[in-house]
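As structure tokens, the structure follows; a few thoughts come after it.
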Amino acid sequence: MRNQMEPRNQMKPICAALSIFVCGGALFFALQPRLSAFQRPFREYPGIEYNDFPLPADAADKAEFMFARLMYPQMAGARGFNAGFYRGGGGDWKHGNSMWTQDYPRADRHFLLALRRLTRISARSVEQPVDLDDGDDVYNWPWLYAVQPGTWLLTDAQAAKLRDYLLRGGFFMADDFWGESGWAVFVNSMQKVFPDRRIVDLPNPEGIFHTVYDLNDRYQVPGARYRQTGVTEKCEGCPPAWRGIYDDKGRVMAAFTFDSDLGDSWEWADDPSYDEKFSALGIRIGVNYIVYAMSH
Numbered sequence: 150m151r152n153q154m155e156p157r158n159q160m161k162p163i164c165a166a167l168s169i170f171v172c173g174g175a176l177f178f179a180l181q182p183r184l185s186a187f188q189r190p191f192r193e194y195p196g197i198e199y200n201d202f203p204l205p206a207d208a209a210d211k212a213e214f215m216f217a218r219l220m221y222p223q224m225a226g227a228r229g230f231n232a233g234f235y236r237g238g239g240g241d242w243k244h245g246n247s248m249w250t251q252d253y254p255r256a257d258r259h260f261l262l263a264l265r266r267l268t269r270i271s272a273r274s275v276e277q278p279v280d281l282d283d284g285d286d287v288y289n290w291p292w293l294y295a296v297q298p299g300t301w302l303l304t305d306a307q308a309a310k311l312r313d314y315l316l317r318g319g320f321f322m323a324d325d326f327w328g329e330s331g332w333a334v335f336v337n338s339m340q341k342v343f344p345d346r347r348i349v350d351l352p353n354p355e356g357i358f359h360t361v362y363d364l365n366d367r368y369q370v371p372g373a374r375y376r377q378t379g380v381t382e383k384c385e386g387c388p389p390a391w392r393g394i395y396d397d398k399g400r401v402m403a404a405f406t407f408d409s410d411l412g413d414s415w416e417w418a419d420d421p422s423y424d425e426k427f428s429a430l431g432i433r434i435g436v437n438y439i440v441y442a443m444s445h
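The sequence shown runs 150 to 445 under the numbering used here.
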């Protein structure tokens, strides 16, 4: 896997991005007039798939980059997979067992292992669940990732907080939502966030696809069920799309991997039954998005 994953021009872009992150991050934080004195401490919640993934030995070590996972309320009737059967959930989303915990924490920690191996980014080995209702805490985390947003239902206050976060320089990635119904639910909340901005398909020349790896040849990244079915789609007629929202300066501030499941490609990267080419692309996309977020 080492040869397959070796990035293009690794030294220069990563080192440059890291220095920009340190300096730019300080500016980002300085712009927060109500910023609380400290980040929320690391916390863990029960996931809808499993609750027995161990903490890395260096989980408490300090680092310059933290992978933040968005906690969110979900629409009524949203369903998650757990212990071999489907169940409803999400009533008490602030304490886990909700769709925001899909693939959590295994996907995040596997991806962070790859990020640390493939770049010079000083990344913490564990993720950080972030709740938009927690005062100004979101402003401490310049990168924010959400899974299964085809089930989310942001409040007006949460949407306003996310909009402010992005316009101040934050970056948001949404992943693993599928089909027309999932897109409609996702857009319903994103229109609260940005009623005046269009979601567009990101073109191949866009810098986010070329920060570390050249990703002109992208393909659908399937969920884990592909291992049994051999089918990459989670719904019929669901081709992959890479979409986003630009700020006024032309920076991609939100990027969406629609009809793909990068989270599963990270989660199952160590499983021989999950095809390496999907994890390779999923990891490359994640690395590119993080370096782009840190350097733009």
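A virtual CB, placed ideally from N, CA and C, is assigned to each residue, including glycine.
These numbers come from a predicted model, not from an experiment.
Simplified DSSP assignment, three categories, for residue i
i, result
"Arg183", "Low confidence applies here, because Arg183 scores a pLDDT of 40, under 50, leaving its location unreliable and the question unanswered by this model."
"Leu293", "strand"
"Pro320", "In the sequence as displayed, the identity of residue 320 is Phe instead of Pro. Looking at Phe320 - three-state DSSP - the assignment turns out to be strand."
"Gln188", "coil"
"Asp286", "helix"
"Gly356", "helix"
"Ala309", "helix"
"Leu364", "coil"
"Leu204", "coil"
"Lys243", "helix"
According to DSSP, residues forming a beta bridge with residue i
i, result
"Ile394", "Ala403"
"Gly278", "The displayed chain sequence assigns Pro, not Gly, to residue 278. Partner(s): Arg218."
"Gln223", "Trp301"
"Asp350", "Arg392"
"Ala272", "Phe214"
Distance, residue j Cα to residue i Cα
i, j, result
"Tyr441", "Glu276", "19 Å"
"Tyr362", "Pro254", "25 Å"
"Tyr395", "Ala373", "31 Å"
"Trp249", "Lys398", "30 Å"
"Arg269", "Lys211", "15 Å"
"Tyr314", "Asp286", "10 Å"
"Arg376", "Glu198", "17 Å"
"Asp252", "His259", "11 Å"
"Ser274", "Asp283", "23 Å"
"Trp292", "Thr378", "33 Å"
"Leu411", "Asp345", "28 Å"
"Ala227", "Ala208", "32 Å"
"Val296", "Thr406", "10 Å"
"Trp332", "Met224", "13 Å"
"Ser247", "Met215", "22 Å"
"Asp325", "Val334", "13 Å"
"Arg400", "His445", "7 Å"
Delimiting residues of the beta strand (DSSP E) encompassing residue i
i, result
"Ala217", "217-220"
Short CB-CB distance (under 8 Å) between residue i and chain D
i, result
"Ala206", "The structure shown contains no chain D; it holds only a single protein chain."
Continuous alpha helix (DSSP H) stretch holding residue i: start and end
i, result
"Glu425", "425-444"
"Trp249", "Premise fails: Trp249 is in no alpha helix (DSSP H) and is neither H nor E."
"Asn337", "328-342"
"Asp257", "255-267"
"Glu453", "Nothing about residue 453 can be reported from this structure: the residues present for the chain run from 150 to 445 only."
"Tyr194", "Element bounds for Tyr194: n/a, residue is neither H nor E."
"Gln377", "375-378"
On the three-pair Cβ rule with 8 Å, is the segment 298-315 touching the segment 373-389? Cβ pair count under 8 Å is below three, so no.
Measuring CB atoms only, is the segment 429-441 touching the segment 351-370, in the sense that at least three cross pairs come out at less than 8 Å? In short, these stretches touch, since the Cβ pair count reaches three.
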